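Step one of this worksheet: look at the structure below.
Chains as they are written, first to last, in the working numbering: chain A, 1 to 290; chain B, 1 to 731.
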């Protein structure tokens, strides 16, 4: 009797899941497999099978190499920076200060404001005759053409941190509030100072959250393309020309084979990276004994 | 056990509820559209030209009676014919004075005739209008009453606008006359003027069975139908229509008491409150007509349209033909043509002509003006890359990318195969300018270019000589020569620049092949010569342009203070554009934009067409392209571009040279054959198609515009451009 009911439940479950599964297949999995097949041909229509030639060409392509370099530099600088900043801010917000709720709201706002409206503000900020340069003029520092010089990377990092710090703060706050207060009290009894408390209790129990925040920040670092594209167009300064610019332009030029090859390589790299991160996290978790 | 039972029942109930809910939701949201599928109803109709059947010439006016018989009056002949619904002439009213008569039936089918005669003097003005009213009773044909209207005369003023355009009769015998100036005059049966409705400009009128006057009022964006009570001339109600729904002709059928309207080529049936109920016919899909003067719909649904086609007026009858649908289900060839815009319906008319020449092929023309260029390009990209796409891609599109990917048919092959195509019939330099790496993937169907209208008087004063073959450097030197010898800056070479795009093209873009090597994928925008060009343009723009007048404010129809300006950059879209451009200076010359110093390229723009490699009917598509290049279709492009077909060019030039004297528009400059020759010399030197939606074009244009309007230095700008172009080439 029980097994009969379970079977019915299974069938019911499958029927209810079917629409989502169909959607996933049609919009995600099938195009992905199709993309992999495309990457072995040299032209989107009437192409010849060329095996791995596309991958080899791509890895030798100057524009692609520039894009990879810039993306790696950007992610390598901005992700640690944002993790540290958001951790510090969330520690502050977790303690008893005035207006902590208003501050939390203020940090969330950049995430929900539409990008296209905010871009106007950033244009004014970073323009040659904009806010920042006028501010510099007060101190007699020469104005910088932000988006057209090698300082463009700094501008993009500022935009990225401003936009995403709120999300990370929320995550860290949740993680901080999950640490039982007894540990801190026990540590105080044992005579530990705030620094010791931080390194031995907070950081340790925040490990899972930190890994999660790192992964989310990496994903968000790719999303910064939207702001950069709206500010600087299809061909920005070569120091902020990133992977997505390469892929976007390949799409416009109808070079779909280059586009899918680049996308697959990017997927592979992210997959490997996240895989390593998870392995490390598991190791540390086991070591702590969680 | 019982618990599980209840759970099972509950879940079943829940599932069935969800399905019913989704079903109902789907059913309720599909809109109940009472209108028939537009394409289907159009297909039911077949067009028959009445002129041929009844043997009548130039039709002037028509009117429908309650027996579905049509009365027709003519321009040049005094016979008014009454034809039945089969097209046979039943009756005739003849009189030498009956040409150019307005006609209307009243509700008892008496025919009211108003012949109008007026003469135009040498200046095209009218000073006297004579009219008569004749009422022909069908029961008593010989006893027609006739009464004269008061003669309208004016010695000085032009009273052309007092001419009656249309008239309607109500059941009491009152006459409603719509004049050319949009006013409605109402006369009683003894021809006393009872009222003038002159507050608005009316375009068309109709009378319903209750003697209400239905008047159509038109302005630039919308139209309004007013129901006016003729007892007190108060508007009972009015209804507004916007844009594509706005009718410009109306008709009321007294038999079935229905109001019809013609809006944007579609005949629509309205209900008693003016709401559109049904679309009957889209005549653009069936006939090539340039302007429609009048329409009528009889009680069996047959539609009559009086329109201009070419230089004659034709009367067309659209009949429902049930057999047509059965026929159209058989396999027939269909050509799909995509264009961006269809000015003056040139492409639509060509499509109809093609269908009449090839009875087994249907041409579907799709116009994409309202979605914008970038959406059009995206849509084309998707369709072409999935292996579908139209048979002909027209107007403008990413030609270089499509050619590289092998999506287009090589037209050289089609030309070789076709012995009847002689390239000497067309201006070969324009065709060659469209070649990509020597191969012809796109055929231009028209072309225009930008040039300068030059103040010849000033040029001779300052002893500057520039011939057609000049380069930008000579232009720059001329700018400096203007004020040499005097300490004050009195003369300028250009007005203040607003259209940087035009100047960008002849300074930087025409030499693009020199600065970019597409094979080796290198660029030399950081070279001294490019930096010098940038500096010169900025200097020209800042120091040698007049601060008193801006390019955007120059209007040939007004007095512009341009006597101290040497040249004005203008688009030249056809030979007769000189009629307007020639008014800028009293003594003028036309110069082309300078050619590229290194490449010798002189740019022009065109509507181009290409054949999709995936098209199933390549030969038929080639025939359509040849039709677009034929003399008849090319002549239709005359009003806004130059023509590719040499014969059409010669004929239209001759025709318009004469016409400008006949129309005698005092606002225009009357151009001479030597003006035409100046333009011809320029046309012969055009040698490269300019595609202004290219990625490099847009990139350069933006950076150069930023450079000339900011304090960035030329070296910086050149370096930035070089970096961006290198990124583009490396991708």
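Where is the CB? At the ideal position from N, CA and C, for every residue including glycine.
None of the values given here were measured: they were computed from a predicted structure.
>> Which residues of the segment 45-75 of chain A have a Cβ closer than 7 Å to any Cβ of chain B? Give them in chain order.
In response: 45, 46, 61, 62 and 63
> Looking only at DSSP bridge pairs, what is residue 339 (chain B) linked to?
Replying inline: Here the question's residue 339 (chain B) lines up with position 339 in the second chain. Bridge partners of residue 339 (chain B): B:367.
> Taking the C-alpha atoms as reference points, what is the distance between residue 258 (chain B) and residue 166 (chain B)?
Replying inline: Here residue 258 (chain B) corresponds to residue number 258 of the second chain, with the count starting at 1. Here residue 166 (chain B) corresponds to residue number 166 of the second chain, with the count starting at 1. Whole-angstrom Cα-Cα distance: 20 Å.
> Considering only residues of the same chain and omitting the five flanking positions on each side of residue 37 (chain B), which have a CB-CB separation below 6 Å?
Replying inline: Taking the second chain and counting its residues from 1, one reaches residue 37 (chain B) at position 37. A caution first: residue 37 (chain B) carries a pLDDT of 42, below 50, which makes its placement in the model too unreliable to give a value.
>> Strictly under 7 Å for the Cβ-Cβ distance: is residue 720 (chain B) near chain A by that measure?
In response: Counted from its first residue, the second chain places residue 720 (chain B) at position 720. Residue 720 (chain B) has a beta carbon lying within less than 7 Å of a beta carbon in chain A.
>> Looking only at its chain, what residues have a beta carbon closer than 6 Å to the beta carbon of residue 295 (chain A), apart from the 5 residues adjacent to it on each side?
In response: Nothing about residue 295 (chain A) can be reported from this structure: the residues present for chain A run from 1 to 290 only.
>> Let's test the definition: count the other Cβ atoms within 10 Å of the Cβ of residue 261 (chain A) and tell me whether it reaches 16, buried, or not, exposed.
In response: Reading the first chain from its first residue, position 261 is the one you call residue 261 (chain A). With 16 or more other Cβ atoms within 10 Å, it is buried.
> Leaving out the 5 sequence neighbours to the left and right, which residues in its chain are closer than 7 Å to residue 343 (chain B) when beta-carbon positions are compared?
Replying inline: Taking the second chain and counting its residues from 1, the one referred to as residue 343 (chain B) is at position 343. Here the set comprises 640.
> Should the segment 408-420 of chain B be called in touch with the segment 529-549 of chain B, which here means at least 3 C-beta pairs below 8 Å?
Replying inline: no
> Using CA coordinates, which residue listed in B:581, B:576 and B:59 is at the minimum distance from residue 560 (chain B)?
Replying inline: Position 560 of the second chain, counted from the first residue, corresponds to residue 560 (chain B). Here the closest residue by C-alpha is B:581.
> Below 7 Å between beta carbons: does that hold for residue 538 (chain B) and residue 476 (chain B)?
Replying inline: Position 538 of the second chain, counting from 1, holds the residue named residue 538 (chain B). Position 476 of the second chain, counting from 1, holds the residue named residue 476 (chain B). Between residue 538 (chain B) and residue 476 (chain B), the C-beta gap is not smaller than 7 Å, which leaves the two residues out of contact.
> Is it true that the CB of residue 587 (chain B) sits closer than 7 Å to the CB of residue 457 (chain B)?
Replying inline: Residue 457 (chain B) sits at position 457 when you count from the first residue of the second chain. Residue 587 (chain B) sits at position 587 when you count from the first residue of the second chain. Yes, Cβ-Cβ distance for residue 457 (chain B) and residue 587 (chain B) is below 7 Å.
> residue 249 (chain B) and residue 319 (chain B): beta carbons closer than 7 Å?
Replying inline: Walking along the second chain from the start, residue 249 (chain B) turns up at place 249. Walking along the second chain from the start, residue 319 (chain B) turns up at place 319. No, these two residues do not count as a Cβ contact at 7 Å.
> Of the residues B:686, B:234 and B:435, which one's Cα is nearest the Cα of residue 601 (chain B)?
Replying inline: On the second chain, position 601 is the one that residue 601 (chain B) refers to. Closest by alpha carbon: B:686.
> Do we get a CB-CB distance below 7 Å when we pair residue 724 (chain B) with the residues of chain A?
Replying inline: Counting from one through the second chain, the residue named residue 724 (chain B) turns up at place 724. Closer than 7 Å to some Cβ of chain A, the Cβ of residue 724 (chain B) qualifies, so yes.
>> I'd like to check one pair, residue 606 (chain B) with residue 441 (chain B): are the Cβ atoms closer than 7 Å?
In response: On the second chain, position 441 is the one that residue 441 (chain B) refers to. On the second chain, position 606 is the one that residue 606 (chain B) refers to. No, the Cβ-Cβ distance between residue 441 (chain B) and residue 606 (chain B) is not below 7 Å.
> How should residue 73 (chain B) be labelled, buried or exposed, when 16 other C-beta atoms within 10 angstroms of its C-beta is the threshold for buried?
Replying inline: The residue given as residue 73 (chain B) occupies position 73 in the second chain. Flag for residue 73 (chain B) reads buried.
> Does the count of Cβ pairs from the segment 335-350 of chain B and the segment 100-112 of chain B closer than 8 Å reach three?
Replying inline: Between the segment 335-350 of chain B and the segment 100-112 of chain B there are fewer than three C-beta pairs closer than 8 Å, too few to call the two in contact.
>> Within 10 Å of its beta-carbon, does residue 261 (chain B) have 16 or more other beta-carbons around it, so buried, or fewer, so exposed?
In response: For this step, residue 261 (chain B) is matched to residue 261 along the second chain. Sixteen is the threshold: when 16 or more other Cβ atoms of the shown chains lie within 10 Å of the Cβ of residue 261 (chain B), as they do, the residue is buried.
>> Let's test the definition: count the other Cβ atoms within 10 Å of the Cβ of residue 494 (chain B) and tell me whether it reaches 16, buried, or not, exposed.
In response: Within the second chain, numbered from 1, the residue matching residue 494 (chain B) stands at position 494. The residue in question, residue 494 (chain B), is buried, as its Cβ has 16 or more Cβ neighbours within 10 Å.
>> Can you pull out the residues from the segment 248-263 of chain A whose beta carbon lies closer than 8 Å to at least one beta carbon of chain B?
In response: 249, 250, 252, 253, 254, 255, 256 and 258
>> Is there a Cβ of chain B sitting closer than 7 Å to that of residue 238 (chain A), yes or no?
In response: Working through the first chain from its first residue, we reach residue 238 (chain A) at position 238. Yes, contact with chain B.
>> Let me see if you follow: with CB-CB separation under 7 Å, is residue 241 (chain A) close to chain B or not?
In response: Numbered from its first residue, the first chain carries residue 241 (chain A) at position 241. Cβ-Cβ to chain B under 7 Å: yes for residue 241 (chain A).
> Where does residue 562 (chain B) land, buried or exposed, given buried means 16+ other C-beta within 10 angstroms?
Replying inline: For the purposes of this step, residue 562 (chain B) is taken as the residue at position 562 of the second chain. Residue 562 (chain B) comes out buried.
> For residue 394 (chain B), which of helix, strand or coil comes out of DSSP?
Replying inline: Looking up residue 394 (chain B) in the second chain gives position 394. Residue 394 (chain B): strand per DSSP, three-state reduction.
> Which whole-angstrom value is the C-beta distance of residue 172 (chain A) and residue 213 (chain A), which I expect to be below 8 Å?
Replying inline: Taking the first chain and counting its residues from 1, the one referred to as residue 172 (chain A) is at position 172. Taking the first chain and counting its residues from 1, the one referred to as residue 213 (chain A) is at position 213. That pair is a contact at about 7 Å.
> Is it a yes or a no for the segment 272-279 of chain B touching the segment 300-319 of chain B, going by three-plus beta-carbon pairs under 8 Å?
Replying inline: no
> For residue 43 (chain A), which residues in chain B fall below 9 Å Cβ to Cβ?
Replying inline: By 1-based counting over the first chain, the position of residue 43 (chain A) is 43. In chain order: 405 and 406.
> Assuming residue 705 (chain B) contacts residue 500 (chain B) under a Cβ cut-off of 8 Å, what Cβ separation, rounded to an integer in Å, is found between them?
Replying inline: Position 705 of the second chain, counted from the first residue, corresponds to residue 705 (chain B). Position 500 of the second chain, counted from the first residue, corresponds to residue 500 (chain B). The pair is a contact, with the Cβ atoms about 5 Å apart (cut-off 8 Å).
> Any beta-carbon of chain B closer than 7 Å to the one on residue 7 (chain A)?
Replying inline: For this step, residue 7 (chain A) is matched to residue 7 along the first chain. No, residue 7 (chain A) does not count as interfacial toward chain B.
> At which residues does the alpha helix (DSSP H) containing residue 267 (chain A) begin and terminate?
Replying inline: If you number the first chain from 1, residue 267 (chain A) lands on position 267. 256-288 is the span of the alpha helix (DSSP H), which, as asked, contains residue 267 (chain A).
>> Taking CB distances under 7 Å as the criterion, tell me whether residue 715 (chain B) reaches chain A.
In response: Taking the first residue of the second chain as position 1, residue 715 (chain B) is located at position 715. Residue contact check for residue 715 (chain B) against chain A: no CB pair falls below 7 Å.
> Using a C-beta to C-beta distance shorter than 7 Å, which residues of chain B count as neighbours of residue 148 (chain A)?
Replying inline: Within the first chain, the letter at position 148 stands for residue 148 (chain A). Correct list: 720.
>> Please report whether the beta-carbon of residue 151 (chain A) lies at a distance below 7 Å from any beta-carbon of chain B.
In response: Mapped onto the first chain, residue 151 (chain A) falls at position 151. Taking Cβ atoms only, chain B never reaches closer than 7 Å to residue 151 (chain A), which makes this a no.
>> Since residue 169 (chain A) and residue 107 (chain A) should fall inside the 8 Å C-beta cutoff, what is the C-beta to C-beta distance between them, to a whole number of angstroms?
In response: Position 169 of the first chain, counting from 1, holds the residue named residue 169 (chain A). Position 107 of the first chain, counting from 1, holds the residue named residue 107 (chain A). Right, the Cβ-Cβ distance comes to about 5 Å (below 8 Å), so this counts as a contact.
> Do residue 202 (chain B) and residue 178 (chain B) have their C-beta atoms within less than 7 Å of each other?
Replying inline: On the second chain, residue 202 (chain B) is found 202 positions in, with the first residue counted as 1. On the second chain, residue 178 (chain B) is found 178 positions in, with the first residue counted as 1. Taking 7 Å as the cut-off, the Cβ atoms of residue 202 (chain B) and residue 178 (chain B) count as close.
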